[in-house]
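Asks: The sequence shown begins at 1 in this note's numbering and counts up by one. We treat Cβ as the ideally placed atom computed from N, Cα and C, and that holds for glycine. Bear in mind the structure is a predicted one, so any value in this text is a computation, not a measurement. Just dropping this structure here.
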Amino acid sequence: MEIISKALFGIANSLLIPDVILLILFFFRALIMIGGTYNNYMTRRKASRLFDDKIKNLTADGVEELRQLVPGRPDSLFTKYLSDLLSREKSEDYADYMLTRFETEAAKDINTSQLLTKLGPVLGLIGTLISMSPALVGLSTGDISGMAYNMQVVFASTVVGLLISAVGLATGQLKQRWYAKDLNNLDYVSRVINDKKEDR
């Protein structure tokens with residue numbers, strides 16, 4: 001039993017460095033995600049002022065006017081797919097195909113946030129539990145300085161893991177709301193275009 005316990009202890013200790021490295025990498029990924037989400041927010045504000053009212057009041061006669069508003073170089077996933085829907089006369093099946101592709105790309109972006117949300121606390125907890133063991137050993141042997149160092153790792157792992165999770169949760173919620181609105185707008189534009197074809 002002692003051999004098994006030592007083996008488990010050795011495996012756990014060997015995981016501390018990879019865990020800390022992953023926490024640091026995920027922390028920097030979370031910082032990048034904050035910047036990307038802010039940039040996305042500013043782009044969406046501009047697009048909302050440009051497209052929201054036009055799409056809300058869109059009729060078959062206004063399709064050409066909407067087409068002219070789309071930038072030549074799409075600056076977001078929404079304008080990319082809106083441009084494609086408006087670019088040429090497309091069948092209803094093609095529009096459904098493009099809407100499904102939009103959902104797939106949106107889900108891929110949201111999954112990155114969900115990954116941070118789930119893995120942040122897991123990595124933080126792993127770092128906490130691994131560092132807690134030598135801290136308790138230091139306490140039992142009277143090594144206060146060693147215990148204090150390990151407790152620093154314990155608290156740092158927990159805090160960084162929760163911070164990563166918070167960033168993932170916040171950005172994921174925002175992206176879900178944004179992409180749901182975009183999908184609704186694209187679906188409506190697609191329906192108006194197809195109704196226009198049927199009226200001919």
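1) Run the CB neighbour count on D52, radius 10 Å, all protein chains shown included, and call it buried at 16 or more, exposed below.
2) Near Q114, which residues of its chain fall below 6 Å by C-beta distance, leaving aside the five closest residues on each side in sequence?
3) With DSSP as the reference, label V70 as helix, strand or coil.
4) Check the C-beta distance from A30 over to L169 and give it rounded, since I have them as a contact under 8 Å.
5) For L129, does the three-state DSSP call read helix, strand or coil?
6) Please state the DSSP three-state secondary structure of N57.
7) What distance in whole Å lies between the Cβ atoms of V192 and T59, which are believed to be in contact at a cut-off of 8 Å?
8) Under 8 Å, with one C-beta from each stretch per pair, do the segment 154-162 and the segment 118-131 reach the 3-pair mark?
9) Below 8 Å, how does it come out for the segment 21-30 and the segment 60-75: are there three or more Cβ pairs, yes or no?
10) Please state whether DSSP places L15 in a helix, a strand or coil.
11) Taking the straight line between their C-alpha atoms, what separation do you get for T43 and L16?
12) My output table needs one value for D96: the three-state DSSP class, helix, strand or coil.
13) Just the C-alpha distance for M98 and S76, rounded to the nearest angstrom, thanks.
14) Rounded to a whole number of angstroms, what is the C-alpha to C-alpha distance between I34 and I3?
15) Please go through the same chain and pick out, in chain order, the residues whose beta-carbon is closer than 7 Å to the beta-carbon of L50, but skip the five residues on each side of it.
16) With a 10 Å radius around its C-beta and 16 neighbouring C-beta atoms as the bar for buried, classify T100 as buried or exposed.
Replies: In short, the structure shows the following:
1) exposed
2) G172
3) Looking at V70 - three-state DSSP - the assignment turns out to be coil, as it is neither helix nor strand.
4) Incorrect: roughly 11 Å between the Cβ atoms, too far for contact.
5) helix
6) In the structure shown, N57 falls within a coil segment according to DSSP collapsed to helix, strand and coil.
7) 7 Å
8) The answer is yes - the segment 118-131 touches the segment 154-162, with three or more Cβ pairs under 8 Å.
9) no
10) It is coil, neither helix nor strand.
11) 40 Å
12) helix
13) Straight-line Cα distance between these residues: approximately 15 Å.
14) 46 Å
15) L69
16) exposed
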